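Report on the following structure.
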Amino acid sequence: MQGYDRREITLAQRVVGAYVGLAVGDALGATTEFLTPREIQRNYGTHRTICGGGWLRLQPGEVTDDTEMSLVLGASILRTPGVDAASVATAFSDWMRSKPVDIGNTVRRGIVHFRTTGEPLVPENEYDAGNGACMRSLPVAICYWNAAPEIRIAASRMQSHVTHNNRQADAGTEAVLQMLVSAFRGVPKSALQIIAQDLVEQYIGYRFDRRRVENPSGWIVETLQVVFQAFFSQQSFKDILVDVVNRGGDADTTGAIAGMLAGACYGVDAIPRQWRSALKAQVRHACEQQSTALLALAETGIDVARRRQGVAVAQAVCQQPTS
6 MQGYDRREIT LAQRVVGAYV GLAVGDALGA TTEFLTPREI QRNYGTHRTI
56 CGGGWLRLQP GEVTDDTEMS LVLGASILRT PGVDAASVAT AFSDWMRSKP
106 VDIGNTVRRG IVHFRTTGEP LVPENEYDAG NGACMRSLPV AICYWNAAPE
156 IRIAASRMQS HVTHNNRQAD AGTEAVLQML VSAFRGVPKS ALQIIAQDLV
206 EQYIGYRFDR RRVENPSGWI VETLQVVFQA FFSQQSFKDI LVDVVNRGGD
256 ADTTGAIAGM LAGACYGVDA IPRQWRSALK AQVRHACEQQ STALLALAET
306 GIDVARRRQG VAVAQAVCQQ PTS
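The working numbering applies: residue 6 is where the sequence shown begins, and numbers increase by one.
The following block contains the structure:
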């Protein structure tokens, strides 16, 4: 938001803003998911209202798997505490059993793999470069925002590899994770753009400074191209989200990721009041409560034994570079 002093935004406001922003972006984008920009313009003009509908026929304020999986992952982290692959896989399996409104194919395959083999982590797959792990990464960013980078990366890969084990997807997810953590710390957007550019240096396909990307698929590269183009060109939470969801395609996920980044950058008070109040009350409250609980866990500290375990896992996981 122009004129919005980032130095006045507290850590708690940024964390809650990221979680509520995720849900708002999910709910807003669900309406235009799988539509082209031309179809959106014909049906809605410029889409800027949380009104439900879409191919899932949602009620106004309902969310999709982006928010639901984030909350499921966050609940697992709070129970353990920390990221534990078996606990996360079990939580995802229970969630799928509840017959959610939507579930991605790669996520479904990962859960079925766990159910049939008992192995919580899927093998590496060059074709699993979807956005499903990135869209639910916010709880890791909150819980591990003040952890050593190698522990945070290990936690990210552990939750990711329950369903998505792909180096390109890892790199994109970890870039978003680093951007979130940096935004929590109050760094300017110019510093966040350096993180995005570092990702491009690692995988040139993520380049987002050329043509305008529209109608993105669930491929994480197209997802983040749309998110980065909107996030770095617009100057308010509202404008970022309106830009993203009117590009169509996988708009609930681009909306969710853009919403968490914009919420972390501008804080919860920058989210339009009408969007916050349009969310289903139980969804909004769950996001607010879980973000606060995860932040408290981060500030209290995951127990020393688990942190030591995290270092060991990090050393094992990080032996395989993402490039």
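C-beta: ideal position from N, C-alpha, C; glycine also. Computed from a predicted structure; not experimentally measured.
Under the 10 Å beta carbon count, Y24 is surrounded by 16 or more other beta carbons and is classified as buried.
A Cβ-Cβ distance of about 5 Å is found for the pair A134 and A174, placing them in contact under the 8 Å criterion. For the set T111, A80, V127, N136, the Cα lying nearest the Cα of Q295 is the one of A80. With respect to the 9 Å criterion, M163 and V93 are classified as neighbours on the basis of their beta carbons. When the Cα atoms are used, T15 and N170 turn out to be separated by approximately 35 Å.
The alpha-carbon separation between L143 and N48 amounts to approximately 32 Å. In this structure, DSSP gives W224 an extended state, which the three-state scheme calls strand. In the three-state reduction of the DSSP assignment, G210 falls in the helix class. Put simply, the backbone Cα of I158 is about 15 Å away from that of A303.
L40 carries a coil assignment under DSSP once its states are collapsed to helix, strand and coil. Taken atom to atom, the span from the alpha-carbon of K104 to that of F119 is near 17 Å. Only residues of its own chain outside the window of five on either side were considered, and among them T36, P65 have a CB closer than 7 Å to the CB of C56, listed in chain order.
In the displayed model, G272 falls within coil according to three-state DSSP, outside both helix and strand. Counting the other Cβ atoms within 10 Å of the Cβ of H52 gives 16 or more, which makes it buried. Distance from the CA of A153 to the CA of E179, rounded to the nearest whole angstrom, comes to 14 Å. Scanning its chain for C-beta atoms nearer than 6 Å, with the 5 sequence neighbours on each side dropped, one finds around E129 the residues N170, in chain order.
For G30, the enclosing alpha helix (DSSP H) stretches over residues 16 to 35. Nearest to C139 by alpha-carbon distance, out of D99, T111, G253, T305, is T111. Between the segment 284 to 299 and the segment 67 to 85 there are three or more C-beta pairs closer than 8 Å, enough to call the two in contact. With respect to L61, E38 sits close: the two C-beta atoms are nearer than 9 Å. Annotated as proximal: V249 and V231, with beta-carbon spacing under 9 Å. Rounded to whole angstroms, A261 and G109 show a C-alpha spacing of 15 Å. Note: G135 is bridge-paired with W224 in the DSSP secondary-structure output. Note: L63 is bridge-paired with G58 in the DSSP secondary-structure output. Inclusion of A256 and G50 in the CB contact set at 9 Å is not warranted, their separation being larger than that value. Rounded to the nearest angstrom, the gap between the Cα atoms of N220 and N251 is 9 Å. For E124, the secondary structure class from DSSP, reduced to helix, strand or coil, is coil. Between I276 and A263, the gap from beta carbon to beta carbon reaches 9 Å or more.
With distances taken between CA atoms, V68 lies nearest to T258 out of R278, T258, A269, G268. A residue is called buried once 16 or more other Cβ atoms fall within 10 Å of its Cβ, and V106, having fewer, is exposed. Of the other Cβ atoms in all chains shown, fewer than 16 fall within 10 Å of the Cβ of R216; this residue is therefore exposed.
In the DSSP assignment, M184 falls within the unbroken alpha helix (DSSP H) covering 172 to 189. Classified as buried, V20 has 16 or more neighbouring CB atoms from the shown chains inside 10 Å of its CB.
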